[in-house]
Structures are given as structure tokens and as C-alpha cells.
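As they're listed, the protein sequences go chains A and B.
Counting in the numbering used here, the first sequence runs from -16 upward without gaps.
Counting in the numbering used here, the second sequence runs from 2 upward without gaps.
Ideal Cβ positions, reconstructed from N, Cα and C, are used throughout, including at glycine.
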Amino acid sequence: MSSPPIQAEGLRKNFGKVTALDGLSFQVPAGSVLGLLGPNGSGKTTAVSILSTSLRPDAGHASVCGLDVVADAAAVRGLIGFAGQFAAVDPNLTGRENLVLIGRLSRVGRSQARGRADELLDSFGLTSAAGRLARTYSGGMRRRLDVAAALLHRPPVLFLDEPTTGLDPESRLGLWESVRSLAQSGTTVLLTTQYLDEADALSDQIVIINSGRVVDTGTPAELKSRLGAVVFSLGFATPDQAEAARAALASRGYQPEGSGTDIAVRSGSGSGELTQVLRALEGRAPDPASVAVREPTLDDVFLAVTRGGISQISEKGKAA
Amino acid sequence: MTAIALRARPPATGRAAAAFWDTADVAWRNLLTLLRTPQALIFATIQPVLFVLLFRYAFGGAIRVPGVNYVDYLMPGIFGQAVCFGAVGTAVGLSTDLRSGILVRFRTLPMARTAVLGGRTIADLARNLLVVAVMVGVGFAVGFRSPDGAAGLLAAIGLVIAFAFAVSWGLVALGLRVSDPEAAQAAAVPVMFLLVFTSSAFVPLDSMPGWLQVVGAHQPVNALVTAERALILGGPAAHDVLVSLIWTAGILLVFAVLSARSYARMGR
Chain A
-16 MSSPPIQAEG LRKNFGKVTA LDGLSFQVPA GSVLGLLGPN GSGKTTAVSI
34 LSTSLRPDAG HASVCGLDVV ADAAAVRGLI GFAGQFAAVD PNLTGRENLV
84 LIGRLSRVGR SQARGRADEL LDSFGLTSAA GRLARTYSGG MRRRLDVAAA
134 LLHRPPVLFL DEPTTGLDPE SRLGLWESVR SLAQSGTTVL LTTQYLDEAD
184 ALSDQIVIIN SGRVVDTGTP AELKSRLGAV VFSLGFATPD QAEAARAALA
234 SRGYQPEGSG TDIAVRSGSG SGELTQVLRA LEGRAPDPAS VAVREPTLDD
284 VFLAVTRGGI SQISEKGKAA
Chain B
2 MTAIALRARP PATGRAAAAF WDTADVAWRN LLTLLRTPQA LIFATIQPVL
52 FVLLFRYAFG GAIRVPGVNY VDYLMPGIFG QAVCFGAVGT AVGLSTDLRS
102 GILVRFRTLP MARTAVLGGR TIADLARNLL VVAVMVGVGF AVGFRSPDGA
152 AGLLAAIGLV IAFAFAVSWG LVALGLRVSD PEAAQAAAVP VMFLLVFTSS
202 AFVPLDSMPG WLQVVGAHQP VNALVTAERA LILGGPAAHD VLVSLIWTAG
252 ILLVFAVLSA RSYARMGR
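Next comes the structure, spelled out in C-alpha cells:
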């Protein structure tokens, strides 16, 4: 019997009158990456803070490798690495000094901390900057140093809170690479992000949260398939024309989305359905000015979720 | 993967040793920060030097203290003033750490809880030693002679350092509640100003109006400066030293407990 490396059960947390977590539950299987996806203020950081022992839940339980994050906080801290939303590196220490300090405080011996620091500086591409004060680092370098600092004691469980927020595309891809190779080496990772492509690229499982509760969960592929295989985007010359087209589509059983002159129609059966969609308009609405067929993205899931339409999508997913 | 070897809880002596090293590591980090922001250190030193020069040469001529060379009267006050104003840096440093997220990271590490606060106050102890040493040097350069000899001076410096350590816990308690370094500074400076200038640091209490004398005679900076003077100028010192030590112990106790409580409560 082994407990999942990360488990949250009915977590609740209020800050004054604001409910940050409203009964949040999920678990992360060993050696996998879970993406906690949600808009700003949805409770992602609160959840990670509780799991990484820096915040206490008002109600509910959370455990890391079977150890309660409140009752066994000290033991949990020996098992986790944490990199927060702001690169918490000391600007007045060099890159290497930052890592050695965190290593020492993670109770890795001095010489071991030094060796490990050099190893991490190397694998995060910071060796040439190791002796420079962190205040001279670019945003991307600080972020990499921050993630490296979370790994000094080789934690089996890693929490990354919006690790790529504010990074340039190249640094972002570099960090993705690091997360992937950590996951390959068996580290269990919980990462929060508001970037859908990031969750898509890194996660084995995605948990979408909004207002402190889980609104949907699944693999990136599952979430996308619930939206149908493709999305047809129809553009019209005027809003009136689009309105007529919406009515026509609705009368044929489609669920047109979008506002103004744009309409999106999801299809479960593939791009071949386009002809039926266009035929539905025939005689009832003007021809669209533009037609595009695209793969659904997590943006589609996300928009549906935050509009409150997820139950509909989930039903569709179950039916399919 | 599932078989994670949990480290056995270390025995009590091992925990104490680990806490000691954690504190030393954090203190070292704070000292490095101090050395690498020399502007802060220079301003922390220049300000009391200016006070020495102003009171020795600009105002000193107008201040009459019977039976004492004014510079010998002034320097014990300067030592107290220097550590009080310098202590503001404790609150600023801590609230900077609070804002930067470093304290959140520290709270997720398996380090001793006490090390963050202890490391801060111990680093500030080192800073205070440096500032007081500079003030002694400046004092001698402008004519201070420590009439009762080296032993009295050293004992007075010991009192100042102990007082400064206690006061820095007060500013830790403040810094932990304010995550904005500028707000921390704005809150701390007026308190320090009031304590220093209503004490006998620069002028005798009996030159003040009666109500202010009452305030001045019953506050910790005045107790410190009075005890320092007794040691430096000579004469019976035991009572004054005892009063100052009681203030120091009281401040230390109250604010160390308050600080530890607010640190433990962070994240509730």
C-alpha cells in the first residue's frame, strides 16, 4: 500500500471574506507531472502553499508521500522542493552562494551542497554566471536559479508555482526541458500555470480549477477530445449576418459559440462535417466571409470552463 | 519511488546543533548582504558621525552640563543613538525578505524555524559592534577621553550591544508585520527619534519641561545612556546598570516572544 506522492482532500482556505479554496481535491500519481491550471485568483498558489507547508488549510487534508502537511510538516519539508511565483533568490549572493545556502538549510552537508550546487549550475546553464551576484542576472537566469535551488536535496516531490511567468520564449522552453527531464528521472511534479500551452506541453494530467474548486480534470488529449475533434471558425461581414447564421445553426442542432461577427462550431466527427455545417446555412443566412478549420486548443477548454459551460462539455465527452 | 527513506528524527542535541548551524548560515547570508550593499552600511555609519560632529561643534557650545566635559557627556548618548537608528535596518531587511518571497522559501525548507529570526538579529549584532567601534574611534578623534578608563568604557559598550540586540528583536516583530520596506522604515524611525530625543542622550533631562522629564526618566534609551555615563564618567553605577539591564531583558523577552509568535503564525 503506497500513498500517492501528492494528495489533497477537500482543502478549504479563506482569507478574510475571500474564499481561496472551496473543497479542492486531487492527487498526483508517482513520477508524473500534474498541471494545475486556472485563471488568476483561482486558488492555484494557495493550493501549492498548503501542499508545500508554508500555509495551513482551514479544513481538509493534504499529504506528501503519506505524511500530513500540517502534522508532519517538518518531515514533509525534507521531501519537497518548492519554487514560488517570484524568483526567491538572494540578489546579494552569487548564484553558487545562493545554492549552497539553500543546500545547507536543506540539511545537505557543506561539501555535498557545494558539489550539488555545481552540478545544478551546470545542468541549468548557469556555470559561467555562478560567481556573479544574482542581482546581475536576467529574469530567466534568476528563475532557473530559483528552480535549481528547489532541487538541492534531490526532493522526490517538486512544486513549481507559475515557473515560467514573465520569461522570454527561449528561457521558457529551457525550463520546460528541465521539468521534462526531472519527470523522466522519477520526480513527481505539481506545476501551476495560467498558460494552456504549458500545461499541454508538460502535464500527464491537468486539473482545471476555478474559484477554488476543481472544474475539470483529464489528460491534455482527453480535455481536447471533449471539445470535439475540430473547431470550425466562421467569420461574417456584419453582426446581423452572424446572428442569422447562429439561429440557422442552432435550428440544426449545432451549438454555435462566439460573439460579434465570429462563430465557432465544434465537431466530433472531423473536418468532413464542414459541408454539413455550411449546408445548414444555405438559404437561411448569408455565406460566411471566412471559414477556418482548426484543432481545439486548451484555450477552448479553458474558455468553456470559465464560462461555466463545462458540464455540457463533460457530458458530451462521456457520450462520445 | 514509493519507498522513500525517511530520516529518523534527530536526537535533541542533534536538533539543537542543526538549529545552531542554520542560524549561523542565515546570519552569514545577512552579513554578506550587508557587506555587498555598502551604501547601507556607510549611511548607517555616516549618520551617527554627523551627530557627533553636530553636537560636538555646532550645538555643544550652547549645552552646559555641570562638572563634565560635554564631549564625554555626549559620547554615551551617541552610542545609544547609533544603535537605535541602526536598528531600523533590521525591520527594513526583514520586510524586504518578506516581500521578495525568500521567507516563503525558507518556510518550505527543513531548516530550524528559529534560524530566520535568530540569523537576522545575530547579523545585526555584528553590524552594531562595527558601528559602535567606529563611534568610539570618532569620539576619540574629537576629544572624548572616557574619564573612568578602559574597563568602564568596555562595560558601557557591552551594555549598548546587549540593548541593541534586544531592540533588534523589537524591529523583527515590526518587520514581520509589514511587507513593505518603506512602510517598515516609516514606522520605525519616529519611534526611535522620540526615544532618543526625549532621553538624556544629548542634553540633561533637567533642561526639559517637567512633564517631559517624567517621560524621559522612565524610558529604556534614557536608562541605557544613564548607565553608560555612570560607567564611563565614574561614580556609583550598579543601580543604573541594573535598571538598564532590566529594560534590556524585558524588551528582549517581550519582543522575542512576539516575533516568534508572528513567525509561527505566518501562513495561518
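Here V226(B) is not near T199(B), since their CB atoms are 9 Å or more apart. Counting along the chain, R196(A) sits inside no alpha helix (DSSP H); it lies in the beta strand (DSSP E) bounded by residues 196 to 201. In the DSSP annotation of this structure, H240(B) is not part of any beta strand (DSSP E); the continuous alpha helix (DSSP H) holding it starts and ends at 239 to 266. For F107(B), the nearest CB of chain A lies under 9 Å from its own CB, placing it at the interface with that chain. In this structure, the alpha-carbon of P(-13)(A) lies about 49 Å from that of A230(A).
A distance below 9 Å separates the beta carbons of D183(A) and I189(A).
Among the residues facing chain A, V27(B) is included, as its CB has a counterpart in that chain under 9 Å away. With a threshold of 9 Å between beta carbons, P111(B) makes contact with chain A.
In the pairwise beta carbon analysis, the stretch 94 to 113 of chain B is classified as not touching the stretch 206 to 215 of chain B: fewer than three pairs are separated by under 8 Å. Taking all protein chains shown into account, E256(A) has 16 or more neighbouring C-beta atoms within 10 Å of its C-beta and is therefore buried.
Take the alpha-carbon of V53(A) and the one of L62(A): they are about 14 Å apart. For G235(B), same chain residues with a beta-carbon under 8 Å away, outside a window of 5 residues either side, are P148, D149, G153 in chain order.
Interface criterion not met: the Cβ of H44(A) is under 9 Å from no Cβ in chain B. The Cβ-Cβ distance between G21(A) and L4(A) does not fall below 9 Å. Annotated as distal: D125(B) and L88(A), with beta-carbon spacing of 9 Å or more. In chain order, T109 make up the part of chain B whose C-beta sits under 8 Å from the C-beta of I63(A). Taking 4 residues as the shortest admissible run, the stretch 212 to 255 of chain A contains the following complete alpha helix (DSSP H) segments, listed from N- to C-terminal end: 222 to 234. DSSP links Q188(A) through a beta bridge to L17(A).
The criterion of a C-beta distance shorter than 9 Å is satisfied by S161(A) and F107(A).
In the DSSP assignment, T170(A) falls outside any alpha helix (DSSP H) and carries neither an H nor an E. Checking the DSSP bridge columns, you'll see K(-4)(A) partnered with L4(A). Around A218(B), the same chain offers L206 as residues with beta carbons nearer than 7 Å, after the five sequence neighbours per side are excluded. Contact annotation: in the stretch 233 to 258 of chain B, no residue has its CB less than 8 Å from a CB in chain A. Excluding residues up to 5 positions away in sequence, R(-5) lie with their Cβ nearer than 6 Å to the Cβ of A42(A) in the same chain. Here the C-alpha atom of D73(B) lies approximately 5 Å from the C-alpha atom of F145(B). Taking all protein chains shown into account, G61(B) has 16 or more neighbouring C-beta atoms within 10 Å of its C-beta and is therefore buried.
From the beta-carbon of D207(B), no residue of chain A is found nearer than 9 Å; the closest lies around 47 Å away.
Between the C-alpha atoms of R65(B) and T122(B) there is a straight-line separation of about 37 Å. Take C48(A), set aside five residues on each side of it, and the residues of its chain with a beta-carbon closer than 6 Å to its own are P(-12), L62, in chain order.
At a Cβ-Cβ threshold of 9 Å, V27(B) and G119(B) count as neighbours. Of the candidates Q10(A), L104(A), S216(A), A268(A), L104(A) places its Cα closest to the Cα of A133(A). Taking one beta carbon from each stretch, the stretch 115 to 129 of chain A and the stretch 70 to 82 of chain A have 3 or more pairs nearer than 8 Å; the two touch. If you look at V190(B), you'll find it in the alpha helix (DSSP H) that goes 182 to 198. For A185(B) against V93(B), the beta-carbon gap comes to about 5 Å, under 8 Å, which counts as contact. Listed in chain order, the beta strand (DSSP E) elements of length 3 or more contained wholly in the stretch 60 to 97 of chain A are 63 to 66.
For V53(B), the enclosing alpha helix (DSSP H) has its first and last residue at 39 to 54.
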